[in-house]
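Notes follow once the structure below has been shown.
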Amino acid sequence: MIHNNVLFILYVKNQDKSKEFYKSLLMIKPRLDVPGMTEFELFNGVVLGLMPENGIVRLLEGKIINPEKANGIPRSEVYLYVDNPDYYYQKLIELGGKGISSSMKRSWGDVVAYGSDLDGHIIAFAKSQSV
Numbered sequence: 003m004i005h006n007n008v009l010f011i012l013y014v015k016n017q018d019k020s021k022e023f024y025k026s027l028l029m030i031k032p033r034l035d036v037p038g039m040t041e042f043e044l045f046n047g048v049v050l051g052l053m054p055e056n057g058i059v060r061l062l063e064g065k066i067i068n069p070e071k072a073n074g075i076p077r078s079e080v081y082l083y084v085d086n087p088d089y090y091y092q093k094l095i096e097l098g099g100k101g102i103s104s105s106m107k108r109s110w111g112d113v114v115a116y117g118s119d120l121d122g123h124i125i126a127f128a129k130s131q132s133v
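Structure representation (C-alpha cells):
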C-alpha cells in the first residue's frame, strides 16, 4: 500500500546552489535542510528533495554509476501547475536556469513553458486549460 506522502529526489551537483535556486523559484523555504538533503514541501504530502550526486553513490555503496557523469543531461522532469507559466519561466532564467521553450498550448491541452535547472533537470510550468 502506498501512503499519502511522496518524495521525489533530484540528484544535484551543488546542494547549496540548488537549494537557493529552488527556494527563490518556488518562493518557499525548505522544510528540511541538512548536509546531504534539502526538502521542499510543494503541497500536503508531496515533497521535492535535493541530494548531492555523490551522496546517492555513498548511500548505495558505490553500486551505481555516479550521476555526475550525466550532469547537464536531462534526467527527469518536474511538471508544476502554476497560475502564470510565463512568470515562472522568466524567473527560472533570471535565477540561472536555462529557458528552453516559452509557454504555448500543447497537444494535451495545457499551456506549458519548459526550462531546465542548474543541473539540467527539466522543469515544466503548466496551466491547465480544462479548469
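What the sequence shown shows, in this note's numbering, is residues 3 to 133, in sequence order.
Note that the Cβ used here is the ideal one computed from N, Cα and C, for glycine as well.
All values derive from a computational prediction rather than experimental measurement.
*Sort Lys129, Gly64 and Pro87 by Cα distance to Trp110 and report the nearest one.*
Your numbering for residue 110 matches position 108 in the sequence shown. For Trp110, the nearest C-alpha among the options comes from Lys129.
*Could you tell me the distance, in whole angstroms, from the CA atom of Leu44 to the CA atom of Leu50?*
Here residue 44 refers to the residue found at position 42 of the sequence shown. Here residue 50 refers to the residue found at position 48 of the sequence shown. Near 7 Å, if we compare the C-alpha coordinates of Leu50 and Leu44.
*Mark Tyr89 as exposed unless 16 or more other C-beta atoms lie within 10 angstroms of its C-beta, in which case mark it buried.*
Residue 89 sits at position 87 when you count from the first residue of the sequence shown. It is exposed - the Cβ of Tyr89 has fewer than 16 other Cβ atoms within 10 Å.
*Would Ser26 pass as a contact of Leu120 if the rule is Cβ separation under 8 Å?*
Locating residue 26 in the sequence shown gives position 24, counting from the first residue. Locating residue 120 in the sequence shown gives position 118, counting from the first residue. No, the Cβ-Cβ distance between Ser26 and Leu120 is not below 8 Å.
*For Glu79, does the three-state DSSP call read helix, strand or coil?*
By 1-based counting over the sequence shown, the position of residue 79 is 77. Strand.
*Can you tell me which of Lys65, Gln17, Glu41 and Gly101 puts its alpha carbon nearest to the alpha carbon of Asn7?*
Against the sequence shown, residue 7 aligns to sequence position 5. Checking every option, the nearest Cα to that of Asn7 belongs to Glu41.
_Nearest residue (CA-CA) to Asp112, options Tyr83, Leu34, Ala72 and Pro76_ = Counting from 1 along the sequence shown, the entry for residue 112 is found at position 110. Considering only alpha carbons, the answer is Tyr83.
*Spell out the partners DSSP gives Ala128 in its beta bridges.*
Position 126 of the sequence shown holds residue 128. DSSP lists Tyr83 and Val114 as partners of Ala128.
*If you drop the 5 nearest sequence neighbours on each side, which residues of the same chain put their C-beta closer than 6 Å to that of Ile11?*
Here residue 11 refers to the residue found at position 9 of the sequence shown. Excluding sequence neighbours, Ile11 sits near Gly51 and Met53.
*How would you call Glu96, buried or exposed, if buried means at least 16 neighbouring beta carbons within 10 angstroms?*
The residue labelled residue 96 in the question sits at position 94 within the sequence shown. Exposed: under 16 other Cβ atoms inside 10 Å.
*Taking Cβ to Cβ, would you say Ile124 is nearer than 8 Å to Ser78?*
Within the sequence shown, the letter at position 122 stands for residue 124. Within the sequence shown, the letter at position 76 stands for residue 78. In contact: Ile124 and Ser78 (Cβ atoms closer than 8 Å).
*Ile4 in three-state terms, based on DSSP*: Here residue 4 is taken as the residue at index 2 of the sequence shown, counted from 1. Coil.
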